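Heads up: the structure comes next, in structure tokens.
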Amino acid sequence: MVALLVATAALAGSAGPTPAGAQAPPDPILFVHGWNGSASAWTTMIDRFAAAGVPRDRMLAISYDSNQSNATIANQVRDAVAGLLASTGAERVDVVTHSMGGLSSRYYLKNLGGTAHVDAWASLGGPNHGTNLAYACYPFSISCRDMVPTSSFLANLNAGDETPGPVHYGTFWSSCDEAINPDSSVLLEGAVNTGVGCLRHSALRTDAGVFELVRAFVA
564 MVALLVATAA
574 LAGSAGPTPA
584 GAQAPPDPIL
594 FVHGWNGSAS
604 AWTTMIDRFA
614 AAGVPRDRML
624 AISYDSNQSN
634 ATIANQVRDA
644 VAGLLASTGA
654 ERVDVVTHSM
664 GGLSSRYYLK
674 NLGGTAHVDA
684 WASLGGPNHG
694 TNLAYACYPF
704 SISCRDMVPT
714 SSFLANLNAG
724 DETPGPVHYG
734 TFWSSCDEAI
744 NPDSSVLLEG
754 AVNTGVGCLR
764 HSALRTDAGV
774 FELVRAFVA
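Just remember that the working numbering sits 563 ahead of the position in the sequence shown, which is counted from 1.
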């Protein structure tokens, strides 16, 4: 069962209708970490979103076991989205992902009905077309085998429309990303693809400039 890190002490109930003339609350945001990570990877970004006015009870980061296929993890993403929609009363969520988190969430969008529930999807340093680094963990990790550039998982995920449905897709890539090789793997046809300069892979989650770009994208 997916472990959930709620970015508040407790989830609030459904907020009910927005009064006439009042500003609608922002979409809830689901954060999906990368390979061998955890929900705590998002602490800095969640704090920044909270400081920018997003209520903490509308943000949720999940933890999952990386020793599973991305197709299996996608079911946990689906369940987390459903829980966040139920707890907030929202119609759609935004999904912000780092590294391998982009793959399970894309599988959810393409194959598990996620396009009906997601407004904006952002990939920070996602191996959307694979990374040569995955060969290092290939022998002992199913999810690493998914990330090999020639994997059947990626061939199926990228077949046809790489950005299906009405979802707003955005990718953010670095020219100095040591984990994604080649750097162009991050880009998706049909997405807003944004270069963020020279940043390390993990810095994509914590850099203030990247946060501002992501915040503007999902706003």
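Glycine is no exception: its CB is placed at the ideal position from the N, C-alpha and C atoms. These numbers come from a predicted model, not from an experiment.
Sequence-distant residues of its chain with Cβ nearer than 6 Å to residue i (five each side left out)
i	result
Asp682	Asp590, Arg655, Asp657
Ala634	Tyr670
Met663	Gly597, Trp598
Cys700	Cys707
Gln586	none
Thr783	Residue 783 lies beyond the residue range present for the chain, which begins at 564 and ends at 782; the question has no answer from this structure.
Burial state of residue i (16 or more Cβ within 10 Å)
i	result
Asn691	buried
Gln639	buried
Ser747	exposed
Asp770	buried
Asn630	exposed
Ala653	buried
Gly584	Here the model assigns Gly584 a pLDDT of 49, short of 50, so the residue's position is not dependable, and the following value carries that caveat. Burial call: exposed.
Ala779	exposed
Asp620	buried
Gly676	exposed
Gly753	exposed
Ala685	buried
Ala604	buried
Gly544	Any question about residue 544 goes unanswered here, given that the chain covers just 564 to 782.
Backbone secondary structure at residue i - three-state DSSP
i	result
Met608	helix
Asn691	coil
Val777	helix
Asn633	helix
Val646	Checking the sequence shown, residue 646 turns out to be Gly, not Val. Helix, per DSSP.
Gly600	coil
Gly758	strand
Tyr670	helix
Cys707	helix
Tyr701	helix
Arg768	helix
Gly676	coil
Arg641	helix
Val749	helix
Ala614	helix
Gly665	helix
For residue i, the residue or residues it bridges with in DSSP
i	result
Met622	Ile592
Trp684	Val658, Tyr732
Own chain partners of residue i with C-beta closer than 7 Å, once the 5 adjacent residues on each side are dropped
i	result
Leu647	Pro591, Leu593, Leu623, Val656
Ser714	Gly693, Arg708
Asn744	Thr694, Asn695, Leu696
Ile636	Tyr627, Ser667
Glu725	Leu751, Glu752, Gly753
Val749	Ser686, Gly688, Gly689, Asn691, Thr734, Trp736, Ile743
Residues near residue i in its chain [Cβ-Cβ closer than 8 Å; skip 5 each side]
i	result
Lys673	Leu720, Pro727
Phe762	Just to set this straight, residue 762 is Leu in the shown sequence, not Phe. Correct list, in chain order: Ser737, Cys739, Asp740, Asp770, Val773.
Met608	Phe594, Val659, Arg768, Thr769, Phe774, Val777
Val759	Phe735, Trp736, Ser737, Leu767, Asp770, Gly772, Val773, Leu776
Problem - Within the region 710-745, ranges of the alpha helix (DSSP H) (whole runs, at least 4 residues) - result: 715-720
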